[in-house]
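In the UniProt record's numbering, the protein residues as written are 1 to 964. What follows is a single structure, written as structure tokens, with notes after it.
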């Protein structure tokens, strides 16, 4: 008796790993050799074990589709359908955009639906099942086919089916067009079919009001607009809407703002600037005569902003500015609205027009709204466009107003809070106009910035003393103080490592992280209260600062308080998890509790949450045909695609693998499908932290240097490929191959820029030689590797390890107390490991771990009988193999000695070292004044414990090598 779906599911649950599952399936097949459920399972496990996908398709999957007795279990048919697509994608890793599973796969569904026992409802259920599974796989040609078959059965939900068919034709056309300059005539027909059916449904609204397939509400109009927008037919859409009868106009009138936004977006996407300008001007003119619009138009940035954007494309800069000054500004003034939004719009138009009154408009706005939290953000981009002379005048004006009214004479309710917000807004502009532009590393600029930090810390102290709830008002003073300290660090930044391999490190004694230490301690203090712990953005900054200092356990603690849920895991978790394998790959205890923090668990959690978000979106969009939400489909599909192919998820998986390799742990059970590698989406919010400088200037690269999509491809082409080959890793080999092929499309790696930070760039060529050696040694086609090439690669790597050993023995070996340390002076060199040093440690350990395995492989090839009983003593290895072995061993030993020297120094004088940096300079004095002495000492002890914890992680990495 054949299995059923429930029994197959039980077998799959009991055998989750591919090899045991394959063996269990073979045993069951001996008793039931023709069982379709077992044959499908065999195909699944064979694909997971890298067996030949052509053979699996031809010998297992296609025969199942062409059985004489058709399969009638829609779940089994869906299982087979998915495997046909996976096998096809494995055949060609770059061909992920399949529009259909093919004729044979569809034939299996057609045969099932033709069974005489099938009722009309059963047939519709079959087509609905195919509809859902093909949508999940992005096979829109099959979606279209399933809807077409369902319509032949006369479903009661005809409107949903027809609108689904419109969507399927449109997306099938788009999928087939991907990667092509032009579509074939046959493909173009699908686009026209989608448009014609949509137009017919629209015209049915008044021509055939009893036809269920018609536009009835704003949801239907929104769907229609999306079809026209995707076909770049904004003008035709506007024409049809304007000519529509009263029934449609009533819908539009009730959703006027939404419709204006939809049509303006369509015009913008198609660069129809004249149409956009005319539409917005019409909205302005209508506002004079209609009361509701008269209230809304003056403060509606959608209208005025689009007018300015259209002008900038329609006319030369000077002419556009004149039109804005002579036509648009007077039209706004005609409304005479005094509110905040109209005032801001007036400033925006004046800034665009470059009129002389811009500065006065800004002063007027400041006078009215200087007490609002949003005042700085409102004016920031306009103040930066003033001339330097005007900026100085504005800053004097703002500060002068404060001197006149800032003595807290006003005793009315809320006066203190208003004064505090005015002071904070002034300090923000002071940072933007006086501190942020500084670039010279002169002592004058450092002292000026330190004084700014001292003033900001004083303002923070005042904010805490004003009222119980004043933290929410004054926390930005803490931000400003921290940013000032990071500016000081930027002045003094002397990176420990350069990019060139032959000069990849400077003397560590030149590295000054005083500003970074003070910024980190400040962030701990600012977030120490219950109110401070609620400040997510400050917690994220604190997390990043402590990762930079190499204090992973403190960073973990701060990250916990950030409380990232749902979507925030995708957009914000990068503050902690970027390169976490190179900073703190091992578990640790948090300092303020007995909780354990496990980086592997955190990475798994991020992957799981992102997957669940995508699944939740899928639950909405991948509904039965009868319940399908066509009007929301485009947005939900876009969200689903973004989560499914999230860059955060890809980076988390790589970091999980890297940690497991350092630990010699079993490979991760978390995997991805080939479909998740298509159109990788970077969903990270890289602008979440406030910016008090010019809007065009970001943070220093050393502060926020995160991996990108190009970094991901580089890693797959070099490190991941080398590990997969050398350790014969079965996991995700198809994904690795796909990523390598995608990376090669960017050009030869030998002449291409490597994407990474300073450490990664300094090691890029060593990884290149390692990967070349791995490819040569583990090439399944080539029986005898080219030992001449292997020797060349290993000699290059030997030189790298010798150079690295010298750095660890000299620059990264901390002197013991009494040797080179003057006890009468504070130690200028920080004993904290810093992010760069930890990356240097763990990066070299990764390289050593892989190359020790490569060398073992070389020995196996050169001395195949070495160690076998009864054989003669093995011949001595060539000198270059022995030299390489020695270089690996000595570099590994130098890393351990270096880490141990830091640990000893931290235990001996770490607290004094941290306190010396924390209290140094004007900013340090202000920090010591702000933070109670016992609390500052407590922070220093926490820093030392965290640094020791990070360095002990270096000692936990074990590497085996062949004897010296």
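Where a beta carbon is used, it is the ideal one built from N, C-alpha and C, also for glycine.
Exercise for the section: Could you have a look at residue 586 and say whether DSSP puts it in helix, strand or coil? Expected result: Here DSSP, grouped into helix, strand and coil, assigns residue 586 to coil.
Handout entry: Of the residues 124, 67 and 458, the one placed nearest residue 37, counting alpha carbons only
Key = Taking only the C-alpha atoms, the option nearest residue 37 is 67.
Practice task
Let me know if residue 476 comes out buried or exposed under the rule of 16 or more other beta-carbons within 10 Å of its beta-carbon.
Solution key: With 16 or more Cβ atoms within 10 Å of its Cβ, residue 476 is classed as buried.
Exercise for the section: Answer with buried or exposed for residue 954, where buried requires no fewer than 16 other C-beta atoms within 10 angstroms of its C-beta. Expected result: By the 10 Å Cβ count, residue 954 comes out buried.
Problem - Separation of residue 375 from residue 333, as counted between CA atoms - result: Straight-line Cα distance between these residues: approximately 22 Å.
Problem - Span separating the alpha-carbon of residue 197 from that of residue 428 - result: Their backbone Cα atoms lie some 56 Å apart in a straight line.
Problem - Bridge partners - residue 681, DSSP secondary structure assignment - result: Bridge partners of residue 681: 646.
Practice task
Kindly indicate which three-state DSSP category residue 237 falls into: helix, strand or coil?
Solution key: Residue state, collapsed to three classes: helix.
Exercise for the section: Taking 8 Å as the cut-off, decide whether the C-beta atoms of residue 755 and residue 708 are in contact. Expected result: Closer than 8 Å, so yes.
Handout entry: C-beta contact flag for residue 813 and residue 897 at 8 Å
Key = Their beta carbons are under 8 Å apart, which means residue 813 touches residue 897 by this criterion.
Practice task
Let me know if residue 876 comes out buried or exposed under the rule of 16 or more other beta-carbons within 10 Å of its beta-carbon.
Solution key: Looking at its Cβ environment, which holds fewer than 16 other Cβ atoms inside 10 Å, residue 876 is exposed.
Problem - Cα-Cα separation, residue 302 to residue 139 - result: Roughly 37 Å separates the two Cα atoms.
Exercise for the section: Quick one: using the 10 Å Cβ neighbour count with 16 as the cut-off for buried, is residue 960 buried or exposed? Expected result: Under this definition residue 960 is an exposed residue.
Exercise for the section: Give a yes or no on whether the C-beta atoms belonging to residue 848 and residue 891 are separated by under 8 Å. Expected result: Yes, Cβ-Cβ distance for residue 848 and residue 891 is below 8 Å.
Practice task
Provide the residue span of the alpha helix (DSSP H) that contains residue 702, from first to last.
Solution key: For residue 702, no alpha helix (DSSP H) run applies, since DSSP gives it neither H nor E.
Exercise for the section: Would you kindly report the start and end of the unbroken alpha helix (DSSP H) that includes residue 769? Expected result: Taken as a continuous stretch (DSSP letters only), the alpha helix (DSSP H) holding residue 769 covers 758-777.
Practice task
Just grab the DSSP bridge partners of residue 131 for me.
Solution key: For residue 131, which the question treats as bridged, DSSP gives no partner whatsoever.
Practice task
Would you mind reading off the limits of the alpha helix (DSSP H) that contains residue 965?
Solution key: In this structure the chain extends from 1 to 964, so residue 965 is not present and cannot be described.
Exercise for the section: Taking only the alpha-carbon atoms, compute the straight-line gap between residue 129 and residue 117 and give it to the nearest angstrom. Expected result: Answer to the nearest angstrom: the Cα atoms are 18 Å apart.
Handout entry: Secondary structure of residue 159, DSSP reduced to three states
Key = In the three-state reduction of the DSSP assignment, residue 159 falls in the helix class, which pools H, G and I.
Problem - Contact check, residue 622 vs residue 135, beta carbons under 8 Å - result: At the C-beta level, residue 622 and residue 135 come within 8 Å of one another.
Problem - Exposed unless 16 or more other CB atoms sit within 10 angstroms - verdict on residue 444 - result: So residue 444 counts as exposed.
Problem - Sub-8 Å separation of residue 558 and residue 571 beta-carbons - result: No; because the gap between Cβ atoms is not below 8 Å, this pair is not in contact.
Exercise for the section: Taking all protein chains shown into account, decide if residue 81 is buried (16 or more other Cβ within 10 angstroms of its Cβ) or exposed. Expected result: By the neighbour-count criterion, in which 16 or more other beta carbons inside 10 Å mark a residue as buried, residue 81 falls on the buried side.
Handout entry: Exposure of residue 723, with buried meaning 16 or more beta-carbon neighbours within 10 Å
Key = By the 10 Å Cβ count, residue 723 comes out buried.
Exercise for the section: Pull up the distance between the alpha-carbon of residue 277 and that of residue 758, whole angstroms please. Expected result: Their Cα atoms are separated by approximately 48 Å.
Handout entry: Cβ-Cβ distance between residue 349 and residue 304 below 8 Å
Key = Judged by their CB atoms, residue 349 and residue 304 are nearer to each other than the 8 Å cut-off.
Practice task
Just the C-alpha distance for residue 226 and residue 676, rounded to the nearest angstrom, thanks.
Solution key: Approximately 25 Å between the Cα atoms of the pair.
Handout entry: Nonlocal neighbours in the same chain, by C-beta distance under 8 Å from residue 107, ignoring five residues either side
Key = Answer for residue 107: 65 and 66, listed in chain order.
Practice task
Name the residue from 54, 771 and 61 whose alpha carbon lies nearest to the alpha carbon of residue 41.
Solution key: Minimum Cα-Cα distance from residue 41 among the listed residues 54, 771 and 61 corresponds to 61.
Handout entry: Selected residue, minimal CA-CA separation from residue 145, among 99, 122 and 655
Key = That would be 99, whose Cα lies nearest to the Cα of residue 145.
Problem - Enclosing alpha helix (DSSP H) for residue 220 [first to last residue] - result: First-last of the alpha helix (DSSP H) with residue 220: 218-230.
Problem - As assigned by DSSP and simplified to three states, the class of residue 10 - result: Residue 10 falls in the helix class under three-state DSSP.
Problem - Contact check, residue 380 vs residue 432, beta carbons under 8 Å - result: It is a contact, given that the beta carbons lie within the stated cut-off.
Exercise for the section: Using the Cα positions of residue 541 and residue 458, report the straight-line distance between them to the nearest angstrom. Expected result: Straight-line spacing of the CA atoms in residue 541 and residue 458 works out to 21 Å.
Problem - Coil, strand or helix - residue 475 by DSSP - result: It is helical.
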